[in-house]
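Here is the structure we will look at.
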Amino acid sequence: MSGASEESGFLAVDSGGSGLRAVVGTAERGPLARRASGEPVRTGDRGIDPGHFMEQLVPLVRALTAEAGAVTLTAVAVGAAGLASLGAGLRAELPGTLAREWGVRRVALAADAVTAYMGALGPRPGAVIAGGTGLIAVGTDLTGWRRADGWGHLLGDCGSGAWIGRAGLEAALRAHDGREGGSARLLSCAQEVFGPVVGLPGALYPRPDRPAALASFAPRVAACAGEDPVAAGILREAARHMADSAAAVCPAGGEPRVAVTGGLFKLGDPLLGPLDEELTRRLPQVRRVPAEGDPLHGAVRIAAELSTGPLTLPGDETMLSVTTRPGD
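Take the sequence shown: its letter number 99 is residue 99 in full-length UniProt numbering, and every next letter is one higher.
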């Protein structure tokens, strides 16, 4: 991979629940090749498994560099789900492994919330709400990072897909029992999706993918919201939780922006309408803008910037760490 005619290039990686997505490119020409794997990186006693990460990455990079042509990888940016709490092994081993494998001198390891932020807003002050099965808000004034929620479906992720789905199923069970706050429409939907609701505890509690199973009911809640006040109220409360998290991380001064990113927002107007109203109420000085791109786009932005010099974004021990090898 070396030669006088080769360009200095970057590798950007997004590691999440569906596997790895990777891009090779150059700062001048942008992304040149894209590949994906379908297997998520394992977690173990040391958190995210560095060995399994490289097992997934090496064949991807071989294919990417073959497609991209004469590119020497000098910078790598990795955005990984769980990095903040499960990334100790990855931070300890990956920079050295990348240096030995491809001669990489600069490595940025970022929490997926940071790459989601960079993909949505780029290097400017503001806040991003990243919502899917779970939910986290992250903000920066370009001197430091703040995060809110992202604590998982048992302790938080308030307003997330799992939260909305669980609230919808609770309303269905309330209707089944004849308690206040129930929804006959959601009860009917729950029976269509899961069968008799008396079997819900046995069907959901033992599942290892319980958050995803709960989140699978969120689109039904959104579909009912136009005619069912209970469903509409669930989405309103979800929007209130999101606005609370955004307000907790958004910079106070200047002209910050707020963006939302993630599959949760495909629920559309039943959720985005209340969210816009709640953000206006909580953050009247802030403008909501469309997300420019996804977390992989954010990793590309970080990698391209890192390949030409220092990052604009602030470093953080768990959210965004940069390792520079001798020679830079």
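For each residue, glycine too, the CB sits at the ideal point set by N, CA and C.
- Query: Alpha carbon to alpha carbon, how far is Ala299 from Gly178?
  - Reply: Stepping through the sequence shown from its first residue, residue 299 is reached at position 299. Stepping through the sequence shown from its first residue, residue 178 is reached at position 178. C-alpha separation (whole angstroms): 50 Å.
- Using DSSP bridges, identify the partner residues of Asp149. The residue you call residue 149 lines up with position 149 of the sequence shown. Answer is Ile136.
- Do you know whose CA, among Val260, Asp276 and Pro251, lies nearest Pro125's CA? Locating residue 125 in the sequence shown gives position 125, counting from the first residue. Cα-wise, what sits closest to Pro125 is Pro251.
- Query: Where DSSP assigns a beta bridge to Gly161, which residues make up the other side?
  - Reply: On the sequence shown, position 161 is the one that residue 161 refers to. DSSP, once it has assigned bridges, lists no residue as partnering Gly161.
- So, do the region 147–163 and the region 183–201 have three or more beta carbon pairs nearer to each other than 8 Å? no
- Give the secondary structure of Gly87 by DSSP, where H, G and I count as helix, E and B as strand, and everything else as coil. For the purposes of this step, residue 87 is taken as the residue at position 87 of the sequence shown. Note: Gly87 maps to coil in three-state DSSP.
- What are the start and end residues of the alpha helix (DSSP H) that includes Phe194? Within the sequence shown, the letter at position 194 stands for residue 194. Note, Phe194: alpha helix (DSSP H), Ala184 to Phe194.
- Check whether the Cβ atoms of Ser183 and Ala167 sit closer than 8 Å, and answer yes or no. If you number the sequence shown from 1, residue 183 lands on position 183. If you number the sequence shown from 1, residue 167 lands on position 167. Not a contact, by the Cβ cut-off of 8 Å.
- Message: So for Val198, helix, strand or coil by DSSP?
- Response: Translated into the one-based positions of the sequence shown, residue 198 becomes position 198. Note: Val198 maps to helix in three-state DSSP.
- Message: Could you check whether Val249 and Ala147 sit closer than 8 Å to each other, using their CB atoms as the reference points?
- Response: Counting from 1 along the sequence shown, the entry for residue 147 is found at position 147. Counting from 1 along the sequence shown, the entry for residue 249 is found at position 249. One detail in the question is off: residue 147 reads as Arg in this sequence, not Ala. Yes, the pair counts as a contact, with Cβ atoms nearer than the cut-off.
- Determine the burial state of Ser160: buried for a count of at least 16 other Cβ atoms within 10 Å of its Cβ, exposed for fewer. Translated into positions along the sequence shown, residue 160 becomes position 160. When all chains shown are included, Ser160 counts as buried.
- Message: I'd like the ranges of any beta strand (DSSP E) spanning at least 3 consecutive residues and lying wholly in the region 248–320.
- Response: 257–261
- Item | Thr140 versus Gly315, Val76 and Arg220, residue with shortest Cα-Cα distance | For this step, residue 140 is matched to residue 140 along the sequence shown. Of the candidates Gly315, Val76 and Arg220, the one whose C-alpha sits nearest the C-alpha of Thr140 is Gly315.
- Task: Report all residues from its chain with a CB closer than 8 Å to the CB of Glu180; omit the five preceding and five following residues, and keep chain order.
- Result: Numbered from 1 along the sequence shown, position 180 holds the residue referred to as residue 180. Taken in chain order, the residues that qualify are Arg174.
- Message: Going by DSSP in three states, Glu7 sits in which element: helix, strand or coil?
- Response: If you number the sequence shown from 1, residue 7 lands on position 7. Note: Glu7 maps to strand in three-state DSSP.
- Measure the C-alpha to C-alpha separation of Cys136 and Ala223 and round it to an integer number of angstroms. Start at 1 with the first residue of the sequence shown, and residue 136 comes out as number 136. Start at 1 with the first residue of the sequence shown, and residue 223 comes out as number 223. Note that residue 136 corresponds to Ile in the displayed sequence, not to Cys. Distance between the alpha carbons of Ile136 and Ala223 is about 24 Å.
- Please indicate yes or no: does the CB of Leu200 lie closer than 7 Å to some heavy atom of the ligand SAM? The model on display carries no ligand, and the ligand SAM is accordingly not part of it.
- Message: So, at 8 Å on beta carbons, what are the nonlocal neighbours of Leu121 in its own chain, with the 5 sequence-adjacent residues on each side left out?
- Response: Counting from 1 along the sequence shown, the entry for residue 121 is found at position 121. Once the five neighbours on either side are set aside, the close Cβ partners of Leu121 are Val128, Arg257, Ala259, Val289, Ala291 and Glu292.
- Message: Let me check one thing: in DSSP terms, what residues is Val78 bridge-paired to?
- Response: As a working mapping, residue 78 is identified with position 78 in the sequence shown. In DSSP, Val78 forms a bridge with Val13 and Leu109.
- Message: Does Leu155 pass the burial test, meaning 16 or more other C-beta atoms within 10 Å, or should it be called exposed?
- Response: For the purposes of this step, residue 155 is taken as the residue at position 155 of the sequence shown. Burial call: exposed.
- Message: I need the straight-line Cα distance from Thr97 to Leu90, nearest angstrom please.
- Response: Working through the sequence shown from its first residue, we reach residue 97 at position 97. Working through the sequence shown from its first residue, we reach residue 90 at position 90. So the two alpha carbons sit approximately 10 Å from each other.
- Message: Using DSSP's beta-bridge definition, name the partner residues of Ala36.
- Response: By 1-based counting over the sequence shown, the position of residue 36 is 36. Arg21, per the DSSP bridge assignment.
- Query: Nearest CA to the CA of Arg62: which residue from Leu320, Thr323, Glu101 and Glu227?
  - Reply: Within the sequence shown, numbered from 1, the residue matching residue 62 stands at position 62. Closest option to Arg62, Cα to Cα, is Glu101.
- Message: On a Cα-Cα basis, can you pick out the residue from Gly44, Leu57, Pro123 and Asp112 that is closest to Leu94?
- Response: Within the sequence shown, numbered from 1, the residue matching residue 94 stands at position 94. Residue Leu57 is the option with its Cα nearest to Leu94.
- Member of Ala111, Thr143, Leu142 and Val230 whose CA lies at the smallest distance from the CA of Gly165: For this step, residue 165 is matched to residue 165 along the sequence shown. Closest by alpha carbon: Val230.
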